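Encoded as structure tokens, the structure appears first; notes follow it.
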Amino acid sequence: MRKSIAKAALITVWTAIAMPLQAQFTVTKVTGARKAEAAPVEVSRLDNKSEFDNFGPAEYAALYDYNHNTTTKAGDAVTETYITALRIGAEGAIFTDYLTYKSDSLAAAGATPEVFSSNLNDIKTVEHFFVPVITQNIPEGQMVVNDQAGITLATYEEPFAAIDWQLTGNTDTFAGYAVSEATGEYGGRKWSVWFTEEIPVAFGPWKLTGLPGLVLRAADSEGQHEFKLIQFVKSNVPMARVKDVNRVKTERDRFIEQRNKSAQNPLGSINPESITNMGVTKTKGGGARINVNGIDVKVPENKVLPLELK
1 MRKSIAKAAL ITVWTAIAMP LQAQFTVTKV TGARKAEAAP VEVSRLDNKS
51 EFDNFGPAEY AALYDYNHNT TTKAGDAVTE TYITALRIGA EGAIFTDYLT
101 YKSDSLAAAG ATPEVFSSNL NDIKTVEHFF VPVITQNIPE GQMVVNDQAG
151 ITLATYEEPF AAIDWQLTGN TDTFAGYAVS EATGEYGGRK WSVWFTEEIP
201 VAFGPWKLTG LPGLVLRAAD SEGQHEFKLI QFVKSNVPMA RVKDVNRVKT
251 ERDRFIEQRN KSAQNPLGSI NPESITNMGV TKTKGGGARI NVNGIDVKVP
301 ENKVLPLELK
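Throughout the sequence shown, residue numbering follows the numbering used here, covering 1 to 310 in sequence.
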């Protein structure tokens with residue numbers, strides 16, 4: 001790739017991820033007080049075939065802000081910002097929440113149980129966590145999506161690069177890269193994306209794939225959803241996906257309908273007779289996450305505007 005990785009320094013990065021990734025994941029000595037906060041947990045290794053699907057090492061990582069522009073219950077405009085990560089390998093990619101990427105980085109680096117526990121706590125208490133895990137072109141020609149609707153863990157497949165993109169002819173620069181605009185429709189929404197052929201891969205944030213260069217920025221026509229690159233770096237973190245024996249294989253259309261329905265009232269979509277245990281975790285932003293039968297269910301404070309309408 002012709003661009004220097006140093007160009008990542010030109011990108012405005014959220015404070016929590018401003019330092020270089022490899023430095024950020026350096027394991028430091030844990031104090032006695034920190035150890036007393038919680039019992040250590042066992043650190044899973046990403047090469048454990050019984051726990052993970054490992055698709056090989058990533059070569060690069062692209063971090064994105066995902067902005068969900070919605071309203072509060074009172075009708076006031078509000079933006080929910082998620083930090084997400086796209087790990088790019090030789091033949092495929094995997095898109096997850098940033099904290100999932102960080103967790104895998106810690107595991108790959110041989111983090112101590114105490115440091116790993118701290119990251120797990122961040123995952124449980126962070127205000128906005130991007131749940132879907134999406135493998136792009138793995139297997140070849142397919143996308144596999146692991147997602148959640150209420151307390152139902154599901155997986156489904158759909159074709160990779162299925163969006164019929166139309167080039168507009170518009171060009172610009174973004175984050176130091178020359179970009180071109182393309183438009184397309186997916187999931188009931190019209191998308192405008194900016195991609196760069198200077199990073200010649202057909203991947204992008206979420207499911208926005210199939211162009212002759214990495215998608216750096218994307219927004220839907222209603223202004224409700226937006227992805228923006230905030231950092232692009234070298235990375236050797238494995239492209240791993242947690243196995244879950246309780247995950248149900250389903251069809252995309254059926255799942256989208258179920259997920260969108262449950263998103264408006266997550267607890268109301270759960271059959272009370274199916275509940276064996278329940279707990280509540282307070283998020284760092286003051287919201288609540290309900291754990292039902294070992295599965296975290298976030299109770300939305302704001303109006304949910306689904307990424308996919310159909």
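Each residue gets a CB set at the ideal place from its N, CA and C atoms; glycine is no exception. What you are looking at is a predicted structure, and each value in this text was computed from that prediction instead of being measured.
Straight-line gap, residue i to residue j (C-alpha atoms, nearest Å)
{"i": "residue 227", "j": "residue 66", "result": "5 Å"}
{"i": "residue 191", "j": "residue 197", "result": "19 Å"}
{"i": "residue 187", "j": "residue 255", "result": "12 Å"}
{"i": "residue 48", "j": "residue 266", "result": "33 Å"}
{"i": "residue 132", "j": "residue 274", "result": "23 Å"}
{"i": "residue 217", "j": "residue 276", "result": "43 Å"}
{"i": "residue 207", "j": "residue 147", "result": "13 Å"}
{"i": "residue 289", "j": "residue 145", "result": "23 Å"}
{"i": "residue 181", "j": "residue 220", "result": "13 Å"}
{"i": "residue 194", "j": "residue 215", "result": "6 Å"}
{"i": "residue 76", "j": "residue 260", "result": "22 Å"}
{"i": "residue 129", "j": "residue 296", "result": "11 Å"}
{"i": "residue 64", "j": "residue 213", "result": "16 Å"}
{"i": "residue 285", "j": "residue 127", "result": "6 Å"}
{"i": "residue 287", "j": "residue 223", "result": "25 Å"}
{"i": "residue 236", "j": "residue 59", "result": "6 Å"}
{"i": "residue 137", "j": "residue 231", "result": "22 Å"}
{"i": "residue 268", "j": "residue 199", "result": "45 Å"}
{"i": "residue 84", "j": "residue 229", "result": "9 Å"}
{"i": "residue 143", "j": "residue 161", "result": "9 Å"}
{"i": "residue 264", "j": "residue 72", "result": "13 Å"}
{"i": "residue 211", "j": "residue 177", "result": "16 Å"}
{"i": "residue 114", "j": "residue 121", "result": "11 Å"}
{"i": "residue 168", "j": "residue 46", "result": "42 Å"}
{"i": "residue 247", "j": "residue 82", "result": "24 Å"}
{"i": "residue 234", "j": "residue 172", "result": "24 Å"}
{"i": "residue 203", "j": "residue 291", "result": "33 Å"}
{"i": "residue 125", "j": "residue 189", "result": "31 Å"}
{"i": "residue 301", "j": "residue 123", "result": "18 Å"}
N-terminal and C-terminal residue of the alpha helix (DSSP H) that residue i is part of
{"i": "residue 267", "result": "Run containing residue 267: none; DSSP gives neither H nor E here."}
{"i": "residue 118", "result": "113-125"}
Residue i, enclosing beta strand (DSSP E) - first and last residue
{"i": "residue 97", "result": "93-97"}
{"i": "residue 153", "result": "152-159"}
{"i": "residue 226", "result": "225-234"}
{"i": "residue 185", "result": "177-186"}
{"i": "residue 288", "result": "288-292"}
{"i": "residue 52", "result": "52-57"}
{"i": "residue 241", "result": "238-242"}
{"i": "residue 45", "result": "Here residue 45 belongs to no beta strand (DSSP E), and DSSP marks it neither H nor E."}
{"i": "residue 69", "result": "60-71"}
{"i": "residue 133", "result": "133-136"}
{"i": "residue 164", "result": "Run containing residue 164: none; DSSP gives neither H nor E here."}
{"i": "residue 279", "result": "278-282"}
{"i": "residue 296", "result": "295-298"}
{"i": "residue 195", "result": "189-196"}
Exposure label - residue i; buried when at least 16 CB within 10 Å
{"i": "residue 166", "result": "exposed"}
{"i": "residue 209", "result": "buried"}
{"i": "residue 96", "result": "buried"}
{"i": "residue 117", "result": "buried"}
{"i": "residue 205", "result": "buried"}
{"i": "residue 325", "result": "Since the displayed the chain opens at 1 and closes at 310, residue 325 lies outside it and no answer follows."}
{"i": "residue 179", "result": "buried"}
{"i": "residue 111", "result": "buried"}
{"i": "residue 74", "result": "exposed"}
{"i": "residue 135", "result": "buried"}
{"i": "residue 34", "result": "Residue placement at residue 34 is flagged as unreliable, the pLDDT there being 33, under the threshold of 50; a coordinate-derived value is accordingly withheld."}
{"i": "residue 271", "result": "exposed"}
{"i": "residue 102", "result": "buried"}
{"i": "residue 170", "result": "exposed"}
{"i": "residue 299", "result": "exposed"}
{"i": "residue 140", "result": "exposed"}
{"i": "residue 245", "result": "exposed"}
{"i": "residue 119", "result": "buried"}
{"i": "residue 104", "result": "buried"}
{"i": "residue 293", "result": "exposed"}
{"i": "residue 32", "result": "For residue 32, the predicted structure reports a pLDDT of 33, less than 50, and the residue's modelled location is therefore unreliable. A value from the coordinates is still provided. Its Cβ having fewer than 16 others within 10 Å, residue 32 is exposed."}
Whole-angstrom C-beta distance between residue j and residue i, which should lie under 8 Å
{"i": "residue 303", "j": "residue 70", "result": "5 Å"}
{"i": "residue 61", "j": "residue 99", "result": "In fact, because the Cβ distance is near 13 Å, the residues do not count as touching under 8 Å."}
{"i": "residue 163", "j": "residue 184", "result": "4 Å"}
{"i": "residue 107", "j": "residue 44", "result": "6 Å"}
{"i": "residue 307", "j": "residue 225", "result": "6 Å"}
{"i": "residue 149", "j": "residue 258", "result": "5 Å"}
CB contact check: residue i to chain D, cutoff 8 Å
{"i": "residue 93", "result": "In summary, chain D is missing from the structure at hand, where a single protein chain is found."}
Residue i Cβ short of 7 Å to the ligand COA heavy atom set
{"i": "residue 309", "result": "In the structure shown, the ligand COA is absent, as is every other ligand, since no ligand is present at all."}
> Are there three or more Cβ pairs, one per stretch, closer than 8 Å when the segment 250-261 is compared with the segment 155-166?
Replying inline: yes
>> When you compare the segment 265-283 with the segment 91-98, are there three or more beta-carbon pairs, one atom per stretch, that lie closer than 8 Å?
In response: no
> Counting pairs of beta carbons, one from the segment 53-63 and one from the segment 225-245, are three or more of them closer than 8 Å?
Replying inline: Contact between the segment 53-63 and the segment 225-245 is present, because at least three Cβ pairs lie under 8 Å.
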